[in-house]
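Step one of this worksheet: look at the structure below.
There are 2 protein chains.
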Amino acid sequence: MNFSEIVNQIKIKKSYLCIGLDSDIEKIPNHLKNLDDPIFEFNKRIIDATKDLAIAYKPNLAFYESQGFSGLISLKKTLKYIPNNIFKIADAKRGDIGNTSKMYAKSFFETFNFDAITLSPYMGKDSSLPYLNYDNKWIILLALTSNDSSLNIQHFKNNNDKKLYQHVIEDSLNWSSKENTMYVVGANRLEEIQEIRKIVPYNFLLIPGVGAQGNDLREISLNSINDNCGIIVNISRDIIYSDSSTSFELKVRDKALEYQNEMESILDKKGII
Amino acid sequence: MNFSEIVNQIKIKKSYLCIGLDSDIEKIPNHLKNLDDPIFEFNKRIIDATKDLAIAYKPNLAFYESQGFSGLISLKKTLKYIPNNIFKIADAKRGDIGNTSKMYAKSFFETFNFDAITLSPYMGKDSSLPYLNYDNKWIILLALTSNDSSLNIQHFKNNNDKKLYQHVIEDSLNWSSKENTMYVVGANRLEEIQEIRKIVPYNFLLIPGVGAQGNDLREISLNSINDNCGIIVNISRDIIYSDSSTSFELKVRDKALEYQNEMESILDKKGII
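Chains S and U, in that order, are what the protein sequence lines are.
The numbers in numbering that gives the first Met the number 0 rise by one with no breaks, and the one at position 188 of the first sequence is 187.
The numbers in numbering that gives the first Met the number 0 rise by one with no breaks, and the one at position 49 of the second sequence is 48.
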């Protein structure tokens, strides 16, 4: 999927919602657990209930890998089930030397057919370049994450008061573009997201941390949206585990619709739709 | 495996050799390719030929994941085949928030039975703590890696001239110990490894970059060994792809023996054996 296709989907669906498929066998509704592939069955119902509201899905690899081979089968079936016009993000946070990154790129972009992968920037551009050889595929670099301890590292400052995460973003501008690179910025980083927008006014930002993590959708959106929307907000637990009854899909849809409505109102206010 | 068991193995085998099982289906000897599970058959022969010379094996996950499900089956069989007294490192370079790290820890330490996993430090201690809940299991934090572009990030300096990788190591000292944490330092970082030893005199360092990457084993060893040896040097391509004939195991053993002999002489010179 290329840049303008993503922007189009946002305008068509009036939504910049990404749903995190962090599907944990211990948390899914009980009635699914006796089926052949409970994780896939869970994901399938989530996708059916939300595919007109979400512009992206983001499975975190850890949830699938921890289930061994069967987890990867569930993942592959899930990827196949997601409609083509929806952006598919592998939340994998990989980052290795070039030769090895090439193998990961093959795995995620070819075997699984993801559109994008999250990457750790610690080893520099070598870990990113092999992914950028694929047309219409994306890397999403960790920049300023939402977890508590991240600031111990990401706020490490040079003698010009430049923070590591700012340096990471600036460094990436030398070898990437808004057509193939996004950045992860936590929804709790409200004070800094405007500074990030100055460095990357046109790139998409992937924003986790709304919902269960308690941050406000409207506030972070109004501080980071650009003319093409330019943000994708991920919500996982607050949507996918909103109910555990046999009709959980209805509650899941309600929750997703609630977020989509709020996003529509924000996009409208910003003159994007 | 705990700290003193590793030190014991080093003394018994007179070796601190780790063999990187970066087993690529396109590079293994042709005569193995028609077997049921070529990657496992390749690894099995490498292990048989070197298990008295190596104290650790380190499969890089990318090589297995890129083969899909069959790759993970090869990996699981390989892990089972490695003798118990040999240290098993998952070169996975993961790094995610706590809840997700917990899932990865389960996958690597329980499903696959690895002894250690390499981690990216970019998200701070949250990504490491879940792994440290396991007794006798290890994290190996990326500190100063050997790839070209790493310095753009890892040499980012604060106003006291402290570099990011030094800060990463120092930060980790607040929540880890020499009994559960090692650091990756590239063999080409000769000038800095003595500085690193000042910060972590007692921790093990995992050193890649000898062999195909052209750095000298003796020089990096003499600059980093401590009283318990304290280093594990990884060699991958230079050993595992040293020959592609039907008797490649012999050449593999010769190569590993050459490194072990050199290591024995260094350990002897340092008074460790």
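Cβ atoms here follow ideal geometry from the backbone N, Cα and C, with glycine treated the same way.
Every value quoted in this text rests on a predicted model; they were computed, and no experiment measured them.
Asked                                                                                                                                                                                : Found
Evaluate contact between the region 252-262 of chain U and the region 209-217 of chain U, counting only Cβ atoms and requiring at least three cross-stretch pairs below 8 angstroms. : yes
Whose C-alpha, out of S/L20, S/I54 and S/K50, is nearest the C-alpha of S/F41?                                                                                                       : S/L20
Does the beta-carbon distance from S/S223 to S/L204 come in below 7 angstroms?                                                                                                       : yes
Per DSSP, U/M181 forms a beta bridge with which residues?                                                                                                                            : U/I139
Could you spell out where the beta strand (DSSP E) holding U/A89 opens and where it closes?                                                                                          : F86 to R93
Is U/F68 close to chain S? Criterion is C-beta to C-beta, closer than 7 angstroms.                                                                                                   : yes
Determine the direct distance from the alpha carbon of U/V184 to that of U/E169, and round the result to whole angstroms.                                                            : 15 angstroms
Among U/I18, U/F155, U/I81 and U/I96, which has the Cα closest to the Cα of U/Y130?                                                                                                  : U/I96
According to DSSP, which residues form a beta bridge with S/V209?                                                                                                                    : S/N214
My understanding is that U/L283 touches U/L140, with C-beta atoms under 8 angstroms, so please give their C-beta distance in whole angstroms.                                        : Because residue 283 of chain U is not part of the residues shown, which for chain U are 0 to 272, the question remains open.
Counting only Cβ pairs nearer than 8 angstroms, list the residues of chain U close to S/K124.                                                                                        : S148 and N151
Can U/G94 and S/I152 be called in contact, C-beta distance under 7 angstroms?                                                                                                        : no
Counting only Cβ-Cβ distances shorter than 7 angstroms, please list the residues of the region 98-114 of chain U near chain S, keeping chain order.                                  : T99, M102, Y103, K105, S106 and T110
Among the candidates U/F62, U/D90, U/Y103 and U/I72, whose CA atom is the shortest distance from the CA of S/K101?                                                                   : U/F62
Using the rule of at least 16 other Cβ atoms within 10 Å of the residue's Cβ for burial, across every protein chain shown, is U/E4 buried or exposed?                                : exposed
With a CB to CB cut of under 8 angstroms and the five nearest residues on each side skipped, what residues in its chain are close to U/I198?                                         : Q165, I168, E169 and L172
Closer than 8 angstroms is the cut-off here; do at least three beta carbon pairs connect the region 62-74 of chain S with the region 31-48 of chain S?                               : yes
Can you give, in chain order, each stretch of the beta strand (DSSP E) that sits fully within the region 187-266 of chain S and has at least 3 residues?                             : 204-206 and 230-234
Under 7 angstroms Cβ to Cβ from S/I81, same chain only, skipping five residues before and after it: list those, please.                                                              : I46, Y56 and K87
May I have the straight-line CA-CA distance separating S/C17 from S/N214, to the nearest angstrom?                                                                                   : 16 angstroms
If you count every other CB in all the chains shown that lies within 10 Å of the CB of U/N233, and 16 or more means buried, which is it?                                             : buried
Do the CB positions of S/I231 and S/V251 come within less than 7 angstroms of each other?                                                                                            : no
With 7 angstroms set as the bound, which would you pick, yes or no: does the beta-carbon of S/H166 sit closer than that to a beta-carbon of chain U?                                 : yes
Closest to U/A89 by C-alpha separation, out of U/K50, U/A53 and U/W137, would be which residue?                                                                                      : U/W137
Residues of chain U with a CB under 7 angstroms from the CB of S/G94: which are they?                                                                                                : K92 and S119
With distance defined between alpha-carbon atoms, name the residue in S/T180, S/F247 and S/L266 nearest to S/L221.                                                                   : S/L266
U/G19 lies in the beta strand (DSSP E); which residues open and close that run?                                                                                                      : L16 to G19
Opposite U/T99 in the DSSP bridges: which residues?                                                                                                                                  : Bridge partners of U/T99: none, in fact.
With burial defined as no fewer than 16 other Cβ atoms inside 10 Å of the residue's Cβ, what is the status of S/Y201: buried or exposed?                                             : exposed
Spell out the partners DSSP gives U/L118 in its beta bridges.                                                                                                                        : U/R93 and U/L140
Whose C-alpha, out of U/V6, U/D36, U/N1 and U/D51, is nearest the C-alpha of U/D253?                                                                                                 : U/D51
Could you tell me whether the Cβ of S/L180 comes closer than 7 angstroms to any Cβ of chain U?                                                                                       : It should be noted that the sequence gives Thr, not Leu, for residue 180 of chain S. No, no contact with chain U.
Only counting the same chain, and skipping five residues up and downstream in sequence, which positions put a Cβ closer than 7 angstroms to that of S/Y121?                          : G94
Give the secondary structure of S/A55 by DSSP, where H, G and I count as helix, E and B as strand, and everything else as coil.                                                      : strand
Hey, does U/N158 have any beta-carbon neighbour from chain S nearer than 7 angstroms?                                                                                                : yes
Identify which residue in S/S148, S/N146 and S/F108 has its Cα closest to the Cα of S/D134.                                                                                          : S/F108
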